[in-house]
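There are 2 protein chains.
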Amino acid sequence: MATGTPQPAFVLVRPQMGENIGAAARAMWNFGLDRMRIVDPRDGWPNSKAVAMSSGAGRLLDEAQLSEDVPGAIGDCSFVLATTARPRDLTKTIWTPEAAMAECARRIAGGEKVAVIFGPERAGLENEDIAPCNGIISVPVNPEFASLNLAQCVLLCAYEWRRASAEMPEVAESLAGTELALQHEVDHLARHYEDRMEEAGFFFPAHKAESMKVNLRNMWSRLPLTRAEVQMLHGMMRQVVRWRNKKAD
Amino acid sequence: MATGTPQPAFVLVRPQMGENIGAAARAMWNFGLDRMRIVDPRDGWPNSKAVAMSSGAGRLLDEAQLSEDVPGAIGDCSFVLATTARPRDLTKTIWTPEAAMAECARRIAGGEKVAVIFGPERAGLENEDIAPCNGIISVPVNPEFASLNLAQCVLLCAYEWRRASAEMPEVAESLAGTELALQHEVDHLARHYEDRMEEAGFFFPAHKAESMKVNLRNMWSRLPLTRAEVQMLHGMMRQVVRWRNKKAD
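These protein sequence lines are chains L and P, in that order.
One point on numbering: in full-length UniProt numbering, the residue at position 3 of the first sequence is 3, and numbering is uninterrupted.
One point on numbering: in full-length UniProt numbering, the residue at position 132 of the second sequence is 132, and numbering is uninterrupted.
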């Protein structure tokens, strides 16, 4: 069964190769989308090549809503965007994928039904398909080389949908089961090293000793050390001392 | 020859299938990236399947920098990010593709050399590959279905690079050779329709006429009409009048 999450329907218009329908399903499900609609697929429906390619996302194909034409596929939606790489002789608002999916998220949160339509592999959407849409999504590709395929276009839109609809931290720390060291632990580490280095005669010449110590302390504080790393650094220094004392024997 | 644009190098580490190397080249070049580096490709180099798959982006393969190991591939860089879907038992900062590419753009603008490394198809990067990197890029996929392939991961990072480095308007109007109508043209249109509708007895009953007129005028102003559309609307009304007059004959 489809997830209950409100989301845009992705409509494949007259797709040609079953493999591409399957790859589009995978691309959608990678980003949590599972409402596929299909308009007049060239090779009929169901399509065994689509199924073979969709591994893991086959449910989207089973549940896909089939229509004979674009109006039939988008009739229940109040906001529809068409993806197209090429400029068209139609007056339409052009959205980046990011802005488009943010707008879709806003409208869906307001209770609207929203769809995004994708054209057939070679020819892309016809003006007749695009005219009833409320705007165009254009991926900002390299003007010298614009060769996104159907599943790639679906992937980028689905990715932007997820970015728009899920709150993701931009940057996070992966602490792998440990915690960042506390201030007093880092301070203890800094004193440990400073004391041993003092003993070892590292802070030389004397008139530079203070600034050398400041630099060393600053380094410990600047590093985002974990507790495990602090323990490891203590252990390393203890070992150096053991090793040195052994030599002195 | 490679474009002169400063950009990150994308490093494919121990890629297996030539087809995927070719598809990665196409994905990069779609978003204007052309510095590929390859570490120890399974099937040797050059690879005819990579070339066959790269159509239009073959130059990236010709110019790709080949290395035996990861340190050899990233040695000239001061900031390196590793792409990996799986959480690793390493303490690293995790970046979204967007934040990562914004950081890369910032560092590159400051003169740094930057690389992004991508692991082999099945196994992904080893901890040994990731350890020397400055952080991890993690694509926010559906936790129930994370199955991005190599070229898709390259595509999303390249897309985010282009978003970070090129100034794209979020929303733009495609006016298809015409211009938006000027205020006085819209006003003229509004009066034209109002007059004819008055004549036609549309504003009825009388006590509602004023608010009906306001609503109609408001509609014309709210629509982002082009000059061509204004002309068309004038023509439609003129034709309706002609048609009506004919009938009255």
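Just so you know, even glycine gets a beta-carbon here, dropped at the ideal spot from N, CA and C.
From a predicted model like this one, the values you see are computed outputs, not experimental measurements.
Margin query: Let me check understanding here. Comparing Cα to Cα, which of P:Val-114, P:Ala-164, P:Arg-59 and P:Arg-244 lies closest to Val-11 of chain P?
Written below: Taking the second sequence and counting its residues from 1, the one referred to as residue 11 of chain P is at position 11. Of the candidates P:Val-114, P:Ala-164, P:Arg-59 and P:Arg-244, the one whose C-alpha sits nearest the C-alpha of Val-11 of chain P is P:Val-114.
Next item on the list: Using only alpha-carbon positions, find the residue among P:Glu-170, P:Leu-148 and P:Thr-226 that is nearest to Glu-185 of chain P.
Entry: On the second sequence, residue 185 of chain P is found 185 positions in, with the first residue counted as 1. Considering only alpha carbons, the answer is P:Thr-226.
Notebook entry, point to check: Start and end of the alpha helix (DSSP H) containing Trp-29 of chain P?
Noted result: For the purposes of this step, residue 29 of chain P is taken as the residue at position 29 of the second sequence. Segment 18–30, the alpha helix (DSSP H) holding Trp-29 of chain P.
Next item on the list: Starting from Ser-147 of chain P, trace the alpha helix (DSSP H) both ways and give me its first and last residue.
Entry: For this step, residue 147 of chain P is matched to residue 147 along the second sequence. From DSSP, Ser-147 of chain P is part of no alpha helix (DSSP H); its letter is neither H nor E.
Notebook entry, point to check: Can we say the region 144–161 of chain P touches the region 181–198 of chain P, given the rule of at least three CB pairs closer than 8 Å?
Noted result: no
Notebook entry, point to check: Name the chain L residues whose beta carbon is nearer than 9 Å to that of Gln-155 of chain P?
Noted result: Taking the second sequence and counting its residues from 1, the one referred to as residue 155 of chain P is at position 155. The residue asked about is misnamed: residue 155 of chain P is Leu in this sequence, not Gln. Residues of chain L passing the Cβ test: Leu-148, Gln-152, Leu-155 and Leu-156.
Margin query: Can you confirm whether Pro-140 of chain L, when its beta carbon is compared against all beta carbons of chain P, has any partner nearer than 9 Å?
Written below: The residue given as residue 140 of chain L occupies position 140 in the first sequence. Yes, because at least one Cβ of chain P sits closer than 9 Å to the Cβ of Pro-140 of chain L.
Check: So, Gly-119 of chain P versus Thr-96 of chain P, is the Cβ gap smaller than 9 Å?
Finding: Sequence index remark: in the second sequence, residue 119 of chain P carries index 119 (1-based). Sequence index remark: in the second sequence, residue 96 of chain P carries index 96 (1-based). Not in contact: Gly-119 of chain P and Thr-96 of chain P (Cβ atoms no closer than 9 Å).
Next item on the list: Assuming residue 276 of chain P contacts Ala-73 of chain P (C-beta within less than 8 Å), just tell me the rounded distance between them.
Entry: Not covered by the structure: residue 276 of chain P. The range shown for chain P is 1 to 249.
Next item on the list: Taking the CB atoms as reference points, tell me whether Arg-162 of chain P and Gly-32 of chain P lie closer together than 9 Å.
Entry: Here residue 162 of chain P corresponds to residue number 162 of the second sequence, with the count starting at 1. Here residue 32 of chain P corresponds to residue number 32 of the second sequence, with the count starting at 1. Yes. Within cutoff.
Check: In angstroms, rounded to a whole number, what distance separates the CA positions of Arg-59 of chain P and Asp-34 of chain P?
Finding: Your numbering for residue 59 of chain P matches position 59 in the second sequence. Your numbering for residue 34 of chain P matches position 34 in the second sequence. Answer to the nearest angstrom: the Cα atoms are 8 Å apart.
Check: Tell me, which residues are paired with Gln-7 of chain L by DSSP?
Finding: Counting from 1 along the first sequence, the entry for residue 7 of chain L is found at position 7. Answer is none; Gln-7 of chain L lacks a bridge partner.
Checklist line | Contact set between the region 17–51 of chain L and chain P, restricted to residues whose Cβ is under 7 Å from the partner | finding: Arg-26, Trp-29, Asn-30, Phe-31 and Gly-32
Notebook entry, point to check: Secondary structure at Gly-110 of chain P, three-state DSSP: helix, strand or coil?
Noted result: Looking up residue 110 of chain P in the second sequence gives position 110. Note: Gly-110 of chain P maps to coil in three-state DSSP.
Next item on the list: Quick one: grab the DSSP three-state call for Arg-14 of chain P.
Entry: Within the second sequence, the letter at position 14 stands for residue 14 of chain P. Here Arg-14 of chain P sits in coil by DSSP.
Checklist line | Extent of the continuous beta strand (DSSP E) to which Leu-66 of chain P belongs | finding: Counted from its first residue, the second sequence places residue 66 of chain P at position 66. Per DSSP, Leu-66 of chain P belongs to the beta strand (DSSP E) from 65–67.
Notebook entry, point to check: Ends of the beta strand (DSSP E) at Leu-81 of chain P?
Noted result: On the second sequence, residue 81 of chain P is found 81 positions in, with the first residue counted as 1. Run containing Leu-81 of chain P: 79–83, per the beta strand (DSSP E) assignment.
Note to self: Pairs of beta-carbons, one from the region 134–142 of chain L and one from the region 97–106 of chain L, closer than 8 Å: are there three or more?
What the structure shows: yes
Next item on the list: Give the DSSP-derived three-state secondary structure of Leu-33 of chain P in the structure shown.
Entry: Mapped onto the second sequence, residue 33 of chain P falls at position 33. The answer is coil: DSSP assigns Leu-33 of chain P none of H, G, I, E or B.
Next item on the list: Count the other C-beta atoms from every protein chain shown that fall within 10 angstroms of the C-beta of Phe-204 of chain L, then say buried if there are 16 or more, exposed otherwise.
Entry: Taking the first residue of the first sequence as 1, we reach residue 204 of chain L at position 204. Result: exposed.
Check: Mind checking whether Arg-106 of chain P and Ser-78 of chain P have CB atoms under 9 Å apart?
Finding: Here residue 106 of chain P is taken as the residue at index 106 of the second sequence, counted from 1. Here residue 78 of chain P is taken as the residue at index 78 of the second sequence, counted from 1. No, the pair does not count as a contact, with Cβ atoms beyond the cut-off.
Next item on the list: Out of L:Arg-37, L:Glu-121, L:Ala-228 and L:Arg-122, state which residue places its alpha-carbon closest to the alpha-carbon of Glu-179 of chain L.
Entry: Numbered from its first residue, the first sequence carries residue 179 of chain L at position 179. Ranking the options by Cα distance to Glu-179 of chain L, first place goes to L:Ala-228.
Item checked: For Gly-135 of chain P, the first and last residue of its enclosing beta strand (DSSP E) -> For the purposes of this step, residue 135 of chain P is taken as the residue at position 135 of the second sequence. From DSSP, the beta strand (DSSP E) with Gly-135 of chain P extends over 135–137.
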